[in-house]
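Below is one structure, written out as structure tokens; the observations come after it.
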Amino acid sequence: MGAFILRRTGVMILTALCLTFVVFFLTNLFPNLEKLAKTQGNARMTDAEVVSWLDRNGYGGPLIVRYGEWLGVVPGWTREDEATGEITGRCIDFGMDPADAPTRCGLLQGDLGFSTVSDDEVGNIIGGRLLLTLKLMGWAFGVMVPAALLVGVLAGMREGSRLDRSLSTFSIASTATPEYVSGVIFIVLLASSTAGLSPLLAEWGWIEGRTLFLGSARSAMEDGITFWNFALPVTTIALYGMGYIARMTRASMAEVMTAQYIRTARLKGVSFRNIVLKHALRNALIAPFTVIMLQFPWLLTGVVIVETLFNYNGFGWTMVQAASNNDIELLLACSIVAVFVVLVTQLISDIGYVFLNPRIRIA
Amino acid sequence: MRDFTHTDGSTGLTTHPVAEMYAREHKAGQLDRREFLVRSTALGLSAAAAYSLIGADAALADGHRSVPAAGGTLRIQQEVRALKDPRTYDWSQMANITRGFLEYLIQYNEDGSFEGVLLDSWEANEDATVYTLNLRQGVMWNNGDAFTAEDVAANFVGWCDSTVEGNSMSTRMGGLVDPDTGVAREGAIEVVDDYTVRVTYPEPDITLVPGIADYPSAVQHRDLIGTNPADHGVGTGAYQIADYEVGVSARLVRNPDHTYWGDTYLDEIVFVDLGQDPAAWFAGAEAGEFDMTYETVGEFVDLFAAIGWEQSEVTTAATVVIRPNQNAAPYDDVRVRRAIHMAVDNQVCLDLGINGQGVTAENHHVCPIHPEYAELPPQTFDPAGAQALLEESGHADFEFELISIDDDYRKNTTDAVAAQLRDAGFNVTRTIIPGSTFWNDWTSYPFSSTNWNHRELGVQILNLAYRTGVPWNESGFSNAEFDELLSQANGIQDADARREVMVRLQQIMQEEGVTIQPYWRSLFRHYSPGIVNAGMHPKFEINVHYLGFSA
Amino acid sequence: MEPLTWSGSFGAFLNPLMLAAVVAFVILFLTNVVMTFAGMRSGDFEVNADGTLVYQRTPMDMVLTGMKYAVLLFVLCCIGYIIGGLTLPTIEQKGILGAMAQRLLPVWIALVVTFALSITFKRRLGLYGKLFDSPIGMAGFGLVMFWIFAAIFSGVFPLVPTHGAIDLISQMRNELPGTPLPNPDDGEYPYYLLGGDNLGRDVFSRVFFGAADVLKITPVATLFAFMVGITLGLPAGYFGGKLDTILTFIANLALAFPVILLFFLLVTPEIVAAGVPQYMSMILFLFPILFFVVLFNSRFHTDPTRRNILVGAAIAIGGVLYLSLISNPSDPDLPLLFRLWPEPFDLFDIAGNLLIVFVSVVFVNSPTVFRIVRGITLDVKTRDYVAAAQTRGEGPWYIMLWEILPNARGPLIVDFCLRIGYTTILLGTLGFFGLGVSPESPDWGSTINEGRRLLTIYPHPALPPALALMSLVLGLNLLADGLREESLKD
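Printed below as a string of structure tokens:
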């Protein structure tokens, strides 16, 4: 088991290296750098000025060397201004004596770099944003997984029954409703003071505020999460994801219910309730477990849409901002996090699968 | 300098010969009240004096701001952008935040008058070449230094420094900048005494007052010119930055260690960034996330009104231009530009672009509310003629790429232009660029739309955007006759005399087909009931010192 | 002119009937739920003493029967609207629903013909025919075919849409469904059936032009992803070893990339300016040619004449298409490499934005297809018929393409249907972030994104494309479900 985890970790690091290099490569293509120079410097720079700006700010070296600098395996660039003799460099902070600055400052040294758009250290920005997204994802998972398992088990325990057919149709419909469709429909129905339910409810005096739910989750960031500001974003994410898990659970449950040992238990006269709860459930949940873990990376897209739709300044929103502004180091940090999430969930799903399934043993 | 004026010592001049002439014109019905106020206060009259000159109730002048109750937290929906050297500000939003501690010499009021903030009064000589600025006394910087004439002089020198990348103040300083060295002209700025500064232009210039009332002219400490105020926080205002997260929010709180010279009411102001999508703003308003919008646009004006918010409206010279860049083919051909003009009906742009919330314009970027506006014969809308002209120019097969930002009214207006061009037989494709990247090279797109804020005088806009080689000349327009006439107009203080020159300037704009400039926008702002002094400002200014909740 | 009513003159008696059906269904459904909780069950067969079976009816059964009839009534009312639309003479009498039904006449005819033919000959049609044994599969197939025919009769023969996709009438902005045009020209359709959007364009027409746009991109993109996935997945699974390790690593690499980040990195003007889509398409579009060359070569290598003809044709046709696709000599911004192909032979050009959207979608889908194909290959290669082919001395490519692939078709077809749906959603996501095909394109994602802004006051421009997208994806999912069910019965 130890060797297995070690090997997987090795592959993981290699994957992360390759992916960050791809991101680094794409964000450092010349048109992107040109855009960066023009945003940071002056929108009307000439081509020669762009090149000199890039040179002056450490974007001039060969790509691979700069990637090394970002990783922290190559010493950070330094540059002496010919006119003033002032030394600037990647690792030299504002007002710091060049002699005191470390030679390397990159990922390995725990330095994620500087966000050009936010004018702040990436490390300062990304932590808080991640926490916000973790809360959102946590709630979404907390709603999605139990609901999906319940729907799946109920549908799968009597395959072909009316209950099965209606629940299956519901799960198919939910996988056919992407977040940007369900989100807008929810807002119209429940969080608009001019359309949907809220005006009616307000007229009847059933709700105090203007709308039943809040169509913006911003207050959850500062004033804490409440049912009213978090219900819609959480439901929007959960709805799209749950259909898939529910169908997997249903398939797995249906398969288990036809297994020999269930038939034996039935013939022995065990009640249907006990068969489902005591015999079938555990075995039926192995397959969905893998699916659930692999669902994490999928959630990421949903989180980006929902955070944009509901104005929640979390990780997904940060990623959109970083990408559209070509904020290179912020984007790299985002991709590290995203890749890390994907790979760790894959690892957990593999390990968990082994633990749950007694038929698989890894030497 | 001859002293024309009789100052009353506290609020500026009481009269000025030219102002008296304006007052006569106003009474004769040649000048409406707004224009009168703009012109006479620009000469240094206090608003109260100006009102009294035309026999109006002077209480009107003071009455534009009521006194709110002390205390409270106000949340304003507005973009929070990274701050930088105020001279290089390109967004009024930046200034709205720093206005809490970086104040201005003069402010432009909603009613069109100018009012001293850090200046007690100012006066101009007869031919508008020498301006004397009298500073407010007893103003302190929050680092303990006194605010003196040295500060003002240092700021003027900083504003005139056109060698600083992106310094938009240097264009506003006009003749104070020495064209050879690119910095302030020798002797242009004199410190007379601790509280008096004299500014001398080589030729008459009337744009000084509007120039130093504009948002990039925030006054920095004399030793901190060219620095980012977010780094040091030194200013004369009552507030300080408590939090600043770009794209998310900014928080100003009352500075406890500083005695502010004026009155201020709120304890805390939060700027909430909800992005550029008005739908998101509305959702935020319904969710009770802020109390006041920066600006409400399009259909959302009715929506905000429908949820019971107070509405404030102001008619302005703010507009959108859809301009070809003459540095790019085929727009260097005047026939193509004229054809574009003829193919577009500005009324349609107004209806589709901003829901009819404004008045149509005449493609020369001078607004009827500008004092020097000259009325020209109406333009012809002639799609068939446009097509013929386009074919004549030999560019009928050219694929016109029309670029716009990805947001409500600018996109809709540009779409409306694209549709009309297609109707006239142009081959048009549309490109939409997200707001976050659009501004990276807005001046160099071959054919794109840009929004322009309100300016007090017609010549100001022409100076900023259409003079040969100025940084914001996005249409690539370069015309020697135009430049010369514009310089001439800059020195004519009397608006009627200036109008003689403006006629030709406006005609050149139309004849050369410099830009489509379809309408003038009315601007709207909404705030929840009970907020005081939150009215819309033609230049989107928010002065946090005045805001508060009603007593 | 008066605005149209939704249901026209048939509505007078159809509307109350329909409402009654809905009310009855809701009441019965609630009763059903209450009864279930109260422990009631549907009846069961009981054996009588004389050996006959008697079905014991319970109240539950009656409720269920009632629900069934309510649904039936509802469906009949819907059909009534369609018939009303087809038979009544004027648009005013037809109403909005009837008029839409009438515009969709070619689609109805095509659907009826397809179903009639398919059901008549279903025993001779293999897996496709079996689809018509499953109600779910039939429903899914119906929905999918509806949109396919709608796309054909909008994009190829514009019979369905009433106005142009980007024609605007400024007085019609945000007008409600059924609003008449202010002063229609002769021959112009006098109404906006589903109202106007915020630029005064016809929502009804844009939904159907959007269908054509969406169905032009997604199936082709999915097909390309499958060719890439199959061409790489078969050898990876069949040969195993180093090749498998490397290919799997690359696929996992692409899968570890969050889709949305990838799109944001790829679909920006700067990346397009750098020619990245061109380079990517240069690699990705090579696979289909490779696929066909290997396919024909392995099958006919014993018959050189036929082999040469087929392989030559594949290379010639594929090559011209390939070069036309990737190169655009008239665009001076592109790197020289893509301007070498002479203009006269350049059959078509694809705008940079469309190309990058297409390439990105293919790129995102291929690794998953690769994994599926590889998995199936690993499973199938242990079968006897593969061993038999190996002993016959067949080459590896023959075995892969002509033995393994046909036997893997079931799961692949099912995945293909699901994946088209997923691609449709993905395309919508791109539109949602403003990265779509082109800003004025009527494709559903972009229209939803545009309509979303004014959704709270004017829901009518955003809802039709949203419902269209949902119904197409739902149809594809149901179709996939039906196919899976029927192929499992094999």
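Chains as they are written, first to last, in my numbering: chain A, 390 to 752; chain B, 127 to 677; chain C, 4 to 493. Where is the CB? At the ideal position from N, CA and C, for every residue including glycine.
Roughly how many angstroms lie between the CA atoms of residue i and residue j, to the nearest whole one?
i: Q452 (chain B); j: A514 (chain B); result: 21 Å
i: L231 (chain B); j: G630 (chain A); result: 57 Å
i: L491 (chain C); j: I416 (chain C); result: 13 Å
i: T8 (chain C); j: P597 (chain B); result: 56 Å
i: L76 (chain C); j: F13 (chain C); result: 15 Å
i: G414 (chain B); j: L457 (chain C); result: 19 Å
i: I375 (chain C); j: P399 (chain C); result: 19 Å
i: I651 (chain A); j: N663 (chain A); result: 11 Å
i: R455 (chain C); j: M635 (chain B); result: 38 Å
i: H384 (chain B); j: N268 (chain B); result: 5 Å
i: G485 (chain C); j: T564 (chain A); result: 16 Å
i: P272 (chain C); j: I576 (chain A); result: 32 Å
i: P194 (chain B); j: S676 (chain B); result: 5 Å
i: D216 (chain B); j: W565 (chain B); result: 10 Å
i: A239 (chain C); j: F299 (chain C); result: 20 Å
i: D532 (chain B); j: V206 (chain C); result: 21 Å
Tell me whether residue i sits in a helix, a strand or coil according to DSSP, three-state version.
i: M418 (chain B); result: strand
i: W150 (chain C); result: helix
i: H142 (chain B); result: coil
i: A195 (chain B); result: strand
i: L261 (chain B); result: strand
i: W595 (chain A); result: coil
i: N700 (chain A); result: coil
i: H467 (chain B); result: helix
i: F124 (chain C); result: coil
i: F227 (chain B); result: coil
i: F552 (chain B); result: coil
i: A465 (chain C); result: coil
i: A405 (chain A); result: helix
i: A314 (chain B); result: coil
i: N513 (chain A); result: helix
i: M266 (chain B); result: strand
i: G189 (chain B); result: Because the pLDDT at G189 (chain B) is just 46, under 50, the model does not fix this residue reliably, and the value given afterwards should be weighed accordingly. If DSSP states are grouped into helix, strand and coil, G189 (chain B) belongs with the helices.
Round the Cβ separation of residue i and residue j to the nearest angstrom and send it over; I've been treating them as touching at under 8 Å.
i: G431 (chain C); j: P567 (chain A); result: 6 Å
i: G484 (chain B); j: L476 (chain B); result: 6 Å
i: T540 (chain B); j: S570 (chain B); result: Not quite, the Cβ-Cβ distance comes to about 17 Å (not below 8 Å), so this is no contact.
i: Y365 (chain B); j: V379 (chain B); result: 7 Å
i: S157 (chain C); j: A215 (chain C); result: 5 Å
Of the residues that make up the region 407-433 of chain B, which ones have a beta carbon closer than 9 Å to any beta carbon in chain C? F408, A409, E412, G424, E425, F426, D428, L429, A432
Scan the region 533-566 of chain A for residues whose Cβ lies nearer than 7 Å to a Cβ of chain C and list them as they occur along the chain. I561, A562, T564, A565, T566
Would the region 533-553 of chain A and the region 105-123 of chain C be scored as touching if the rule is three or more Cβ pairs under 8 Å? no
At least three beta-carbon pairs within less than 8 Å, the region 639-658 of chain B to the region 415-428 of chain B: yes
Residues within the region 726-740 of chain A neighbouring chain C, beta-carbon criterion of under 9 Å: A727, V728, V730, V731, L732, Q735
Using a Cβ distance threshold of 8 Å, determine whether the region 454-467 of chain A contacts the region 490-502 of chain A, with at least three qualifying pairs required. yes
Using 8 Å as the threshold, is the region 390-409 of chain A in touch with the region 714-731 of chain A, meaning 3 or more CB pairs across them? yes
Where the region 693-726 of chain A meets chain C: residues whose CB sits under 9 Å from a CB there: V693, I694, T697, L698, G705, M708, V709, A711, A712, S713, N715, L720, C723, S724
Does the region 410-429 of chain C come close enough to the region 221-232 of chain C that 3 or more CB-CB pairs lie under 8 Å? yes
When Cβ atoms are compared, which residues of the region 171-203 of chain C fall closer than 9 Å to chain B? L171, S173, Q174, R176, N177, N201, L202, G203
What residues from the region 545-572 of chain B come within 8 Å of chain C, judged by C-beta to C-beta, listed N to C? A545, R548, T555, R556, T557, I558, I559, P560, T563
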